[in-house]
Amino acid sequence: MEIVLALAIGILTGSGVWLLLRPRTFQVIIGLALLSYAVNLFILSMGRLRVDAPPIIRKGVPVDPAAFVDPVPQALVLTAIVISFATTALMLVVLLASRGLTNTDHVDGEESQQ
Amino acid sequence: MTGWLHHLIVLPIVLPMVASAIMLLLSDRFRQGIALGTTALLVAIAAALLMQTMAAGEPWVGSYRLGNWAAPFGIVLVVDRLSAMMLMLTSVLGFTALLYALARWDRAGPRFHVLFLLLLMGLNGAFLTGDIFNLFVFFEIFLAASYGLVLHGSGQERVSAGFHYISINVATSLLFLIGVSMLYGVTGTLNMADLAVRIPNVPPEDVTLLESGASILGIAFLVKAGTWPLGLWLPRTYAAAAPPVAAMFAIMSKVGIYIILRLSMLLFGDEAGMAASFANDWLLIGGMATIAFGTVGILSANTLTGIAGHYILVSSGTLLAAIGTGSERVLAGALFYLVSSTLAISAFYLVVELVQRGSAGEEAVSEPVFEDEYVGAHAVEEDNEIGVAIPATLAIIGGGFAFCALLLSGLPPLSGFIAKFAIIDGLLAQRQTVAPQTWLLIFLILGAGFAALIATMRAGIDMIWTPEDVKTPALDIVEAVPIAILLTICLSLMLWAGPVMSFMEATVSNLDDRAVYSGAVLPEPPAESARP
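Protein chains in written order, with this note's numbering: chain A, 1 to 114; chain B, 115 to 646.
Set out below in structure tokens:
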């Protein structure tokens, strides 16, 4: 379980950073999206890994903290997902505007001379 | 604080939120009035909070439970002298920048007022919150609003600079999240006061993880503050933004500084055990490198907005280095410098726009990209019925420019000089023998002021005092008043430097008093909540 999660975070981060450093606007946006998935998994792992344990206690039942998973990281991930979703949408609009104004999808608005 | 007065703490967040929500429902005609009224009210609220923190003779910290959950579990808002002071600064800048924008810039694109109020809401929230994840949420709120404001007015340069700005900030937010979750993983809490209680008890094997988490978090704030080499995006973005927006953005780099100051005093102060002051040397070095870079940038900038942008770097660098020294007297001077330099930069952006309007002429500001886009009513040059044009325009602009130049370069007798004097005085009083890096810092601070003087003088001679084909710009009274307000505040900072300085000293000693902060936020002595 740990190794799967660690590999997933590592691969997503690696691909994300690589794409982030590419010169095309769309690649940058996809890179940021991949990075945000990696970060969300990382946040989840900071609440300690646990399978088959619910994050929400049930009303009226005696509570044994050992039987539950930490709910705070899950709440944090939820917030982070919403925010990164919104900023990705905004960035797509800026991408289109930039494409419309400059006729290129280079991040600097002009092709680099090589 | 009892009764309804208690709810004053939450108003700086709720008021702009409600006002911007109402604005979306009403027609455009009411927006200017609502926005101006809201920002004026925010100034009044911030003043009331500031009075309250000052009225209590001893260190006073007010807390407000959102949703009425007890502190480590629910989110709290906390107001002390530092946050009240930052609130005051934000609302004054908000009021003046908005007033300035009402003359013409708010019509350069859609939904300016709504975004502006949301920016204020996010900033106020970031200054008030006592929870690091909630801080992230408020950061995202004001960043999202700032993305919209950077693009305000459209045009190729803004869209291109805006794309860089958004990418960098989204990536930075991810670092923020990693840092927050690492702190949570080590300590098991997100509440700042609770963190302050728990960090001294972190077991030795976890201290490295804690420090890494805090450093990653710190990098996120250093990017916002524009520290070298993380702040290369800042001058270009600020130069591309519409002038009133740039004037408001002058406070945004200070949010990063504020958080670094808050967290390093609260979490990593002297009592923090093994992790105490672990980052101070880095802050000092980073701050000095930032001042050096900003100084070179000021000298090499060929536009006035370039000078202003690099001056923001210098000011961030000075503040970071002051935090890095960890001395109370230096910090008190640094807070004075923070207020004075932020006001001066904000005024400078506004004056610069007037100067450039006179010399460079109009450029096409809005170009539609999408078919259904609202094309800015920027061509409303002639139907400026809000203000009356005032005579002797050039003299007023020139005077304002000279005033700003004096403030930025820190020449006597204005407040910029007093602030730098206080910092250097604190640095020299630090120890019996002054360390070499302290001399270097003093040299850099003075050198940056000198560079600002050279650059502003050169630009001023070029653009104002040797007018070749300068057409006198049309100056509205609405545009002159905000600049006058900002400069008057700087003037009063100079006239009442004594009381202001003692307020700053009290603020710093308040910051040093972690027990008061934790006591006000946490419901009872936190013995049972502290983990071994």
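The C-beta atom is built at its ideal place from N, Cα and C for all residues, glycine as well.
Going by DSSP in three states, residue i sits in which element: helix, strand or coil?
i	result
B/L381	coil
A/D70	coil
B/L191	strand
B/F253	helix
B/S616	helix
B/E487	For B/E487, the pLDDT reaches just 49, beneath the cut-off of 50, and the residue's location in the model is therefore unreliable, although a value from the coordinates is still provided. B/E487: coil per DSSP, three-state reduction.
B/A634	helix
A/R138	Coverage of chain A is limited to positions 1 through 114, which leaves residue 138 of chain A absent and any answer about it impossible.
B/D590	strand
B/N182	helix
B/G561	helix
A/H106	strand
B/I177	The sequence given here places Ser at residue 177 of chain B; Ile does not occur at that position. Of the three classes helix, strand and coil, the one that applies to B/S177 here is strand, per DSSP.
A/A6	helix
B/A516	helix
B/V479	Since pLDDT at B/V479 reaches only 45, below the 50 mark, its modelled position is unreliable, and the value read off the structure follows with that caveat. Residue state, collapsed to three classes: coil.
B/M648	Any question about residue 648 of chain B goes unanswered here, given that chain B covers just 115 to 646.
B/Q544	coil
A/K59	coil
B/L609	helix
B/W118	helix
B/T341	coil
B/R350	helix
B/S454	helix
A/S15	helix
B/F462	helix
Going along chain A in order, which residues have a C-beta closer than 7 Å to the C-beta of residue i?
i	result
B/M296	M46
B/Q544	Here the premise fails: no neighbours, minimum Cβ distance about 39 Å.
B/L326	The question names Leu, yet the displayed sequence has Ser at residue 326 of chain B. Going along chain A, no residue has its Cβ under 7 Å from B/S326, so there is no contact; the nearest lies around 12 Å.
B/Q270	L101, T102 and G109
B/L292	The question names Leu, yet the displayed sequence has Ile at residue 292 of chain B. Those are V39 and F42, listed as they occur along chain A.
Less than 8 Å between the beta carbons of residue i and residue j, yes or no?
i	j	result
A/T88	A/I29	yes
B/T404	B/T456	no
B/L196	B/L528	no
B/A222	B/H278	no
B/A158	B/L201	no
B/G650	B/I537	Any answer about residue 650 of chain B is impossible in this case: the structure gives chain B only from 115 up to 646.
B/A258	B/L249	no
B/L229	B/G276	no
A/M46	B/Y298	yes
B/G236	B/V192	no
B/S274	A/S98	yes
B/G400	B/L336	yes
B/L647	B/I255	Beyond the ends of chain B as shown, which are 115 and 646, falls residue 647 of chain B; an answer cannot be given.
B/L242	B/S205	no
B/I365	B/L207	yes
A/F26	A/L95	yes
B/I459	B/A422	yes
B/A594	B/V175	no
B/S454	B/L521	yes
A/L35	B/A334	no
B/L397	B/L434	yes
B/M577	B/V465	no
Would you say residue i lies against chain E (beta-carbon separation less than 8 Å)?
i	result
B/Y261	Here the protein chains are A and B, and chain E is not one of them.
At a CB-CB cut-off below 9 Å, which residues of chain B make contact with residue i?
i	result
A/P73	S295, Y298 and G299
A/G14	Near A/G14 there are no residues of chain B at all, since even the closest Cβ is about 14 Å away, more than 9 Å.
A/P28	Contrary to the premise, residue 28 of chain A reads as Val rather than Pro in this sequence. Within chain B, the residues near A/V28 are F277 and S281.
Give me the chain B residues within the contact set of residue i, using Cβ-Cβ distance strictly less than 7 Å, ordered along the chain.
i	result
A/S98	V273, S274 and F277
A/T79	V251
A/I83	E254
A/S112	Going along chain B, no residue has its Cβ under 7 Å from A/S112, so there is no contact; the nearest lies around 14 Å.
Can you pull the chain B neighbours of residue i, defined as C-beta to C-beta under 8 Å?
i	result
A/A108	Note that residue 108 of chain A corresponds to Asp in the displayed sequence, not to Ala. Here the neighbours are S274.
A/L35	A285 and L288
Output, in chain order, the set of chain A residues within a Cβ distance shorter than 8 Å of residue i.
i	result
B/I280	T87, L90, M91 and V94
Which residues in chain A sit within 9 Å of residue i, going by Cβ to Cβ distance?
i	result
B/A258	I83, A86, T87 and L90
Segment contact, 8 Å Cβ cut-off, at least three pairs: the stretch 286-293 of chain B with the stretch 330-340 of chain B: Yes, they touch.
Inter-stretch contact (C-beta, 8 Å, three-pair minimum) for the stretch 427-445 of chain B and the stretch 586-601 of chain B: In short, these stretches do not touch, since the Cβ pair count stays below three.
Touching by the beta-carbon criterion (3+ pairs, under 8 Å), the stretch 565-574 of chain B and the stretch 403-413 of chain B: Taking a contact to require three or more Cβ pairs closer than 8 Å, the stretch 565-574 of chain B and the stretch 403-413 of chain B qualify as touching.
At least 3 beta-carbon pairs within less than 8 Å: the stretch 206-220 of chain B vs the stretch 351-358 of chain B: The stretch 206-220 of chain B is in contact with the stretch 351-358 of chain B.
Segments of 4+ residues assigned as alpha helix (DSSP H) that fall wholly inside the stretch 405-449 of chain B: Within the stretch 405-449 of chain B, the complete alpha helix (DSSP H) runs of at least 4 residues are 418-439.
Inter-stretch contact at 8 Å, needing at least 3 Cβ pairs: the stretch 115-130 of chain B / the stretch 299-317 of chain B: Verdict: no, contact absent.
The stretch 35-53 of chain A in contact with the stretch 63-75 of chain A per 3-pair CB rule at 8 Å: Touching, per the Cβ criterion.
Complete alpha helix (DSSP H) runs within the stretch 233-307 of chain B (minimum length 4 residues, chain order): If we require 4 residues or more, the alpha helix (DSSP H) runs fully inside the stretch 233-307 of chain B come out as 246-264 and 270-301.
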